[in-house]
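Each step along the sequence shown adds one to the number in UniProt numbering, with nothing skipped, and position 66 is 66.
Where is the CB? At the ideal position from N, CA and C, for every residue including glycine.
Scroll down for the structure; my scribbles are underneath it.
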Amino acid sequence: MPSLSLRINLDPEGRIGPGKIELLEQIAAFGSISAAARGMEMSYKHAWDLVEDMNRVFGKPLVAAQTGGRKGGGAQLTAVGLAVVSRFRAIERAAASAAAVHMQALQAEIDAG
1 MPSLSLRINL
11 DPEGRIGPGK
21 IELLEQIAAF
31 GSISAAARGM
41 EMSYKHAWDL
51 VEDMNRVFGK
61 PLVAAQTGGR
71 KGGGAQLTAV
81 GLAVVSRFRA
91 IERAAASAAA
101 VHMQALQAEI
111 DAG
């Protein structure tokens with residue numbers, strides 16, 4: 001069955017898609033940018049750059065990070081970060097639902113060979 005992948009272009013010059021949303025979800029799950037990066041097989045620097053880009057685009061932090069040290073650092077999503085993930089997933093579900101009949105028709109074309 002065909003699948004739908006969604007990227008949202010944001011004003012003025014940003015975008016958000018499945019990779020950035022997964023990074024936010026991994027940060028929420030692990031409480032750490034570095035653990036999220038490892039789980040996604042990306043460098044910490046790349047993960048941090050993506051977080052900084054999202055913070056810039058939204059004009060406020062999506063992730064609150066505490067620097068490491070003796071007790072270690074950590075990270076958690078802010079209320080805005082949680083809202084962005086929730087809204088993206090809702091948009092994704094709505095798009096998939098709206099496209100379902102067309103996706104099935106595409107698959108039928110493939111199956112008809």
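Status (buried if at least 16 other CB within 10 Å, exposed otherwise) for residue i
i	result
L77	buried
A108	exposed
S32	buried
L4	exposed
A36	buried
Neighbourhood of residue i by C-beta, 6 Å cutoff - its chain only, sequence neighbours within 5 removed
i	result
L10	V57
V51	V63
Other residues of its chain near residue i: CB distance less than 7 Å, five sequence neighbours each side excluded
i	result
R15	R7, I8 and N9
G74	G31, S32 and Q66
H102	none
M40	E22, L23 and Q26
Selection from the options that minimises the alpha carbon distance to residue i
i	options	result
D53	L24, S3, M1 and A79	L24
P18	E92, I110 and G113	E92
R87	I21, V63 and L4	I21
Own chain partners of residue i with C-beta closer than 8 Å, once the 5 adjacent residues on each side are dropped
i	result
L106	P2
Q104	M1
V85	I21, L24, E25, A28 and L77
V80	F58, K60, P61 and L62
N55	P61, L62 and V63
Taking contact to mean at least 3 C-beta pairs separated by less than 8 Å, is the region 94-108 in contact with the region 30-45? no
Within the UniProt domain "HTH lysR-type" (21-81), ranges of the beta strand (DSSP E) (whole runs, at least 3 residues): 63-66 and 74-77
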